[in-house]
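Have a look at the structure below, then the notes.
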Amino acid sequence: MQMNIIDTLNWRYATKHFDTNKKLSEEQLNFILEATNLAPSSYGLQPFSLVVIESDELRQKLKKAAWEQPQITDASHLILFTVNTNLSVEEVDRFIDRIAKVRQVPVEALGEYEAMMKGSIKRMSPEEAGLWAAKQAYIALGQLMVACASEGIDTCPMEGFDKQAFDELLDLPSKGLRSVVLAAVGFRSVDDKYQHLPKVRKSLDELVIKL
Numbered sequence: 076m077q078m079n080i081i082d083t084l085n086w087r088y089a090t091k092h093f094d095t096n097k098k099l100s101e102e103q104l105n106f107i108l109e110a111t112n113l114a115p116s117s118y119g120l121q122p123f124s125l126v127v128i129e130s131d132e133l134r135q136k137l138k139k140a141a142w143e144q145p146q147i148t149d150a151s152h153l154i155l156f157t158v159n160t161n162l163s164v165e166e167v168d169r170f171i172d173r174i175a176k177v178r179q180v181p182v183e184a185l186g187e188y189e190a191m192m193k194g195s196i197k198r199m200s201p202e203e204a205g206l207w208a209a210k211q212a213y214i215a216l217g218q219l220m221v222a223c224a225s226e227g228i229d230t231c232p233m234e235g236f237d238k239q240a241f242d243e244l245l246d247l248p249s250k251g252l253r254s255v256v257l258a259a260v261g262f263r264s265v266d267d268k269y270q271h272l273p274k275v276r277k278s279l280d281e282l283v284i285k286l
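So this is what it looks like as structure tokens:
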């Protein structure tokens, strides 16, 4: 699909009804995961994880925790954005090691950057750290949706689900994670009436304040 970015974003909408007969290829799935992995995050720390849910049996259970919304079972894949429940300075240590390896610089040369990040994390309360991490996950969600649209893949961002129930069904506490937001990914059904509705947005004069 070749469109400019504005046409692409006009084509995209929050898909309510997916075609259950159409599935993402492994190549398509890997593409959108790679694109999401390239999303910006504060410090570059990426304090979130993606849980890719394909199991039909599991999705039937999750549907009950999402008020029976059809996207849960009808989309090709569910991608759940989760965040660490206990963000710690060890996350910074792993990040510093990663930088040193990828950029081939000694860890010692990154000491000032490391200290700055650790100081920032230590100053956050658990609630503040959780909110900060969730903001980074939402940035990545936006990038996932744009990447999908660029390839003619439909998405539906979803906050309407019981996060605690999802956490329990997916055994996320054992992994030190909790649910934040969900993306249903796949291909729209020809019967989804929402695809034909024009977008309703503010005009730029209403949206933008120029100083």
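The opening residue of the sequence shown carries number 76 in our numbering; numbering runs sequentially from there.
Positions of the beta carbon are idealized from the N, C-alpha and C atoms, including for glycine.
This one's a predicted model, so the numbers in the text were calculated from it and none came from an experiment.
Is residue i near the ligand ADP, going by C-beta to nearest heavy atom under 7 Å?
{"i": "Ala110", "result": "In the structure shown, the ligand ADP is absent, as is every other ligand, since no ligand is present at all."}
From the DSSP output, read off the bridge partner residues of residue i.
{"i": "Phe93", "result": "Arg263"}
{"i": "Cys231", "result": "Ala259"}
{"i": "Ile128", "result": "Leu153"}
{"i": "Val158", "result": "Phe123 and Arg253"}
Are residue i and residue j touching if we call contact CB-CB under 8 Å?
{"i": "Leu125", "j": "Ile154", "result": "yes"}
{"i": "Asp246", "j": "Arg253", "result": "no"}
{"i": "Ala224", "j": "Thr83", "result": "yes"}
{"i": "Gln211", "j": "Ser116", "result": "yes"}
{"i": "Met206", "j": "Phe156", "result": "Residue 206 is actually Leu in this sequence, not Met. It is not a contact, given that the beta carbons lie outside the stated cut-off."}
{"i": "Val255", "j": "Val158", "result": "yes"}
{"i": "Gly235", "j": "Ala141", "result": "yes"}
{"i": "Met220", "j": "Arg134", "result": "no"}
Report buried or exposed for residue i, applying the criterion of at least 16 other Cβ atoms within 10 angstroms of its Cβ.
{"i": "Ile128", "result": "buried"}
{"i": "Ile81", "result": "exposed"}
{"i": "Asp172", "result": "exposed"}
{"i": "Pro122", "result": "buried"}
{"i": "Asp149", "result": "buried"}
{"i": "Arg178", "result": "exposed"}
{"i": "Met76", "result": "For Met76, the pLDDT reaches just 49, beneath the cut-off of 50, and the residue's location in the model is therefore unreliable, although a value from the coordinates is still provided. With fewer than 16 other Cβ atoms within 10 Å, it is exposed."}
{"i": "Ala184", "result": "exposed"}
{"i": "Ala208", "result": "buried"}
{"i": "Ala114", "result": "buried"}
{"i": "Asp229", "result": "buried"}
{"i": "Val167", "result": "buried"}
{"i": "His152", "result": "buried"}
{"i": "His271", "result": "exposed"}
Helix, strand or coil: which one does DSSP assign to residue i?
{"i": "Ala258", "result": "strand"}
{"i": "Val167", "result": "helix"}
{"i": "Met76", "result": "Note that Met76 scores a pLDDT of 49, beneath 50, so its modelled location is shaky; the value from the coordinates is reported in the next line. Here Met76 sits in coil by DSSP."}
{"i": "Arg87", "result": "coil"}
{"i": "Phe241", "result": "helix"}
{"i": "Leu99", "result": "coil"}
**Prompt:** Can you find at least 3 beta carbon pairs, one from the segment 92–102 and one from the segment 253–262, that sit closer than 8 Å?
**Reply:** yes
**Prompt:** Would the segment 194–208 and the segment 158–174 be scored as touching if the rule is three or more Cβ pairs under 8 Å?
**Reply:** yes
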